[in-house]
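Protein chains in written order, with my numbering: chain A, 2 to 462; chain S, 493 to 912.
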């Protein structure tokens, strides 16, 4: 019996338990000669009470059993006569065992090692034996707990209160997943980065200027893990080029839509602009690599920059800027809308034109909000992956020439992790160190941005 | 300084030439500013239009294939095989025994000379196989089938090939025709651009999305309900809120690193499977659902809760019987938007190994799978010119998928959302 079948069987029995619990409670209700209030909770809750009793202990048991049984299975298989021929200890033994296990579970068809083939049968026996024990125990638990709960059903059983307590616990657990995820991200990044920094000095990593990752250190101990070129490339594309495109376009769009556009134009244009943010980044990346980059290179060559690369920082940055436009625009929109209308009206009443009011009153007043929005946009731009992977190239150049190729943190993470998959080499672990830097920087940017925006909101409240 | 002194002495001459010029200048600045705003919007929209035009223009050709007619004389080639052989469960085996591929190849050679098979896509004969299975009658007669040509010729016929292929196309002339590329909708990844298809990746996307939805939706909704309705004001609640807001802003690639370190290396889940992909995307989508869910729950007026409490409902009954159903349209809208984002996501899935060459569609959540955006990324890396239009065609499929989801979200919002 596979675990999926068992799971469905337990759930089905839970349904049966629900039905009987409800039935008993309902009969108590109709049998009692007095009023409805004889039963503390509605029959439904009694049904749930029995069902939860039937399912939950068995489910917990199944989880524990799934985690514990592999060890038990291996132990049992090792007591078989075939195990006596195995080499004692070491890597060979482990390899044979894992191969035999894979075949026994049906993940692999043929054994490379004849010894593994001999271990398959004991493994199969042990697996089916322990699966049988687990299934029988789980089903017994379902019956025992279900009957126990069913016997408890009495008119004054506070079934609803108990169900609600369990539900509250489930709600709390669901909320805790967010914390667990955050902690999980942080711990996994820190843990793997620590392993990386035990091989490569953090100073070399953070302040080195040569990025040329090798699995083994060079003759003078250089490892090629200097990440400064990557940081520069990330800032150059995400915080400089993309923002040069996105800030003017986003800000002016927001101003036009909020201050000038007729209502109808606004209701149509706003969603159309939002589409720009909804296009998957892989589409932008393809667009940048296929259309924008060659065009820019031809343009650069025609104005006499012969070194122009077909994977240019400019192409990736411009396309990323386009992607960010709706983001900047909606943040600017919010902060302009938050400026008290008295300020605007006052300026207009003094005879200032619309544009003068916007430039001299609204924008200065909304500036903190706009700056916060731009910081959020930057944090999104530097974490963006696909556009730079497809359009920005892999050469770690420290250059301010937008037509040359630069590389970014995210590009290198993808590059490092999609090549060889040796998990202990500094090359793969470096990806986690880069990820940690990226995580911390985006987190800080977000915290600062939110604080700026919040402070500024308070100023006008 | 002089003019300042002047204005102090006598009232401004509003009608004077100097003032008129100044006002005209200010109005001109106003017009310029307004035009700049309009230009910014138009520029942004034209970027979008340009992107869509390029993709559709390129991708449209990906749905077509260039074909050549091949006349197959089945009775002569098979020595009189009867159509009834190719019905029922043994049909495929019988076709293999018959040596369909050789029959097709020799028919091609009869018609197009010794090197004729070079003109055709290597996997093209499978089309004949499928044709016979759906209509065994054709085995009993002389039939003309249209088979896809090799990728180079296909590209050349569509107008961008190398000179050699251009010459061949000119030689073949009118014999070439354009047909709908059913392979593209039905096949999976392949090495020959004429045989690639989107179905494997599409199915992978569907399975991954189902896993994501099943995990992220319940957790997201329950967390939103807890935070909005029950959470006491304390440290833990603050911590939960901060975590959720942070998770919503964490770059997607970081989730990929989490998936790699935790799900694959720590828990040892199967690599490249839709299960791990769905789990990773669920962690990414959950904060989006929580945030939109909280807004939807918040917008349900307190009078509803008070009325329910007033007639004796317990706090949990209030929420599950009244608040949740009323907030559900808003929650669903937010969920669909979050799912649309997850559907277009590529980077985290690259981290957990969903970038393998997958030639058979996945049939379970642990089978190696790929998804539409990753497939697009993989094809965009191919050197063969034939993959360009396939990539764009895959992008069209992805965009249509996204468009459908967003349209559904807008429909739900307009149809069910109550304005209180």
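Glycine included, each C-beta is placed from N, C-alpha and C at the ideal position.
Because the structure is a prediction, the values reported are computed rather than measured.
key: residue 493 (chain S), DSSP secondary structure in three states   = Low confidence applies here, because residue 493 (chain S) scores a pLDDT of 48, under 50, leaving its location unreliable; read the following figure in that light. Collapsing the DSSP output to three states places residue 493 (chain S) in coil.
query = Are any of the Cβ atoms in chain S nearer than 8 Å to that of residue 457 (chain A)?
reply = No, its Cβ sits nowhere closer than 8 Å to a Cβ of chain S.
key: chain S contact residues for residue 274 (chain A), given Cβ-Cβ distances below 9 Å   = Near residue 274 (chain A) (Cβ distances below 9 Å), the residues of chain S are 533, 536, 537 and 540.
key: DSSP state of residue 906 (chain S) mapped onto helix, strand, coil   = Three-state DSSP puts residue 906 (chain S) in a helix.
message = With a threshold of 8 Å between beta carbons, is residue 511 (chain S) in contact with chain A?
response = The beta carbon of residue 511 (chain S) does not come within 8 Å of any beta carbon belonging to chain A, so the residue lies off that interface.
ask   = Among all the DSSP beta bridges, which residues are the ones paired with residue 212 (chain A)?
value = Checking the DSSP bridge columns, you'll see residue 212 (chain A) partnered with A:226.
query = Any Cβ of chain S within less than 8 Å of the Cβ of residue 326 (chain A)?
reply = For residue 326 (chain A), a Cβ of chain S is located within less than 8 Å of the residue's own Cβ.
query = In chain order, which continuous runs of the beta strand (DSSP E) of length 3 or greater are located wholly inside the segment 620–673 of chain S?
reply = Here the runs fully enclosed are 634–640 and 669–672.
task = Kindly indicate which three-state DSSP category residue 868 (chain S) falls into: helix, strand or coil?
result = In the three-state scheme derived from DSSP, where H, G and I count as helix and E and B as strand, residue 868 (chain S) is classed as helix.
Beta-carbon neighbours of residue 415 (chain A), restricted to chain S and to distances below 8 Å = Within 8 Å Cβ-Cβ: 745, 839, 842 and 843.
ask   = In whole angstroms, what is the alpha-carbon distance linking residue 250 (chain A) and residue 236 (chain A)?
value = If you take the alpha carbons of residue 250 (chain A) and residue 236 (chain A), they lie about 20 Å apart.
message = Using a Cβ distance threshold of 8 Å, determine whether the segment 449–462 of chain A contacts the segment 758–777 of chain S, with at least three qualifying pairs required.
response = As far as the Cβ criterion goes, the segment 449–462 of chain A does not touch the segment 758–777 of chain S, which means the pair count is below three.
ask   = Going along the segment 851–869 of chain S in order, which residues come within less than 7 Å of chain A, judged by CB to CB distance?
value = If the cut-off is 7 Å between Cβ atoms, the segment 851–869 of chain S has 865, 868 and 869 near chain A.
inquiry  = Taking DSSP's pairing of strands, which residues face residue 557 (chain S) in a bridge?
reply    = Beta-bridge pairing links residue 557 (chain S) to S:671.
Alpha-carbon spacing of residue 534 (chain S) relative to residue 550 (chain S), whole angstroms = In this model, residue 534 (chain S) and residue 550 (chain S) are separated by some 24 Å (Cα to Cα).
request  = Quick one: grab the DSSP three-state call for residue 563 (chain S).
outcome  = DSSP places residue 563 (chain S) in the strand class (E or B) of the three-state scheme.
task = Could you name the residues that DSSP lists as bridge partners for residue 765 (chain S)?
result = Answer is S:860.
task = Determine the extent of the alpha helix (DSSP H) in which residue 265 (chain A) is found, giving its start and end residues.
result = Taken as a continuous stretch (DSSP letters only), the alpha helix (DSSP H) holding residue 265 (chain A) covers 264–279.
task = Tell me whether residue 433 (chain A) sits in a helix, a strand or coil according to DSSP, three-state version.
result = Helix, per DSSP.
query = Which of the three DSSP states, helix, strand or coil, is assigned to residue 440 (chain A)?
reply = Reduced to three states, the DSSP call for residue 440 (chain A) is helix.
key: Reduced DSSP category for residue 612 (chain S) - H, G, I as helix; E, B as strand; rest coil   = Correct three-state label for residue 612 (chain S): strand.
query = With distances taken from CA atoms, which of A:166, A:7 and A:73 is nearest residue 50 (chain A)?
reply = Out of A:166, A:7 and A:73, A:166 has the C-alpha closest to the C-alpha of residue 50 (chain A).
message = Checking 8 Å against the spacing of the C-beta atoms, do residue 48 (chain A) and residue 15 (chain A) come in under that value?
response = Cβ distance not < 8 Å, so residue 48 (chain A) and residue 15 (chain A) don't count as in contact.
request  = Give a yes or no on whether the minimum CB-CB distance between residue 57 (chain A) and chain S is below 8 Å.
outcome  = Not one chain S Cβ lies under 8 Å of residue 57 (chain A).
ask   = Got a sec: is the Cβ-Cβ distance from residue 529 (chain S) to anything in chain A below 8 Å?
value = It does; some Cβ of chain A falls within 8 Å.
query = Taking just the CA atoms, how far does residue 380 (chain A) sit from residue 914 (chain S)?
reply = In the structure displayed, chain S extends from 493 to 912; residue 914 (chain S) sits before or after that span and is not available.
ask   = Does any residue of chain A bring its CB to less than 8 Å from the CB of residue 903 (chain S)?
value = Residue 903 (chain S) does not count as touching chain A.
inquiry  = Run through chain A and tell me which residues come within less than 7 Å of residue 808 (chain S), C-beta to C-beta.
reply    = Chain A residues near residue 808 (chain S): 165 and 168.
task = Examine chain S for any beta-carbon lying closer than 8 Å to the beta-carbon of residue 45 (chain A), and answer yes or no.
result = Closer than 8 Å: no.
message = With distance defined between alpha-carbon atoms, name the residue in A:45, A:428 and A:451 nearest to residue 20 (chain A).
response = Comparing Cα-Cα distances from residue 20 (chain A) to each of A:45, A:428 and A:451, the minimum goes to A:45.
ask   = Just by C-beta distance, which residues in the segment 286–301 of chain A are closer than 8 Å to chain S?
value = Contact annotation: in the segment 286–301 of chain A, residues whose CB is within less than 8 Å of a CB in chain S are 286, 287, 288, 290, 291 and 292.
request  = Report the residue from A:378, A:358 and A:190 whose alpha carbon sits nearest the alpha carbon of residue 243 (chain A).
outcome  = When each option's Cα is compared against that of residue 243 (chain A), the closest is A:378.
inquiry  = Run through chain A and tell me which residues come within less than 9 Å of residue 883 (chain S), C-beta to C-beta.
reply    = In chain order: 287 and 291.
query = Nearest CA to the CA of residue 4 (chain A): which residue from A:310, A:131, A:154 and A:78?
reply = Taking only the C-alpha atoms, the option nearest residue 4 (chain A) is A:131.
message = Rounding to the nearest angstrom, what Cα-Cα distance links residue 265 (chain A) and residue 340 (chain A) in this structure?
response = C-alpha of residue 265 (chain A) to C-alpha of residue 340 (chain A): approximately 23 Å in a straight line.
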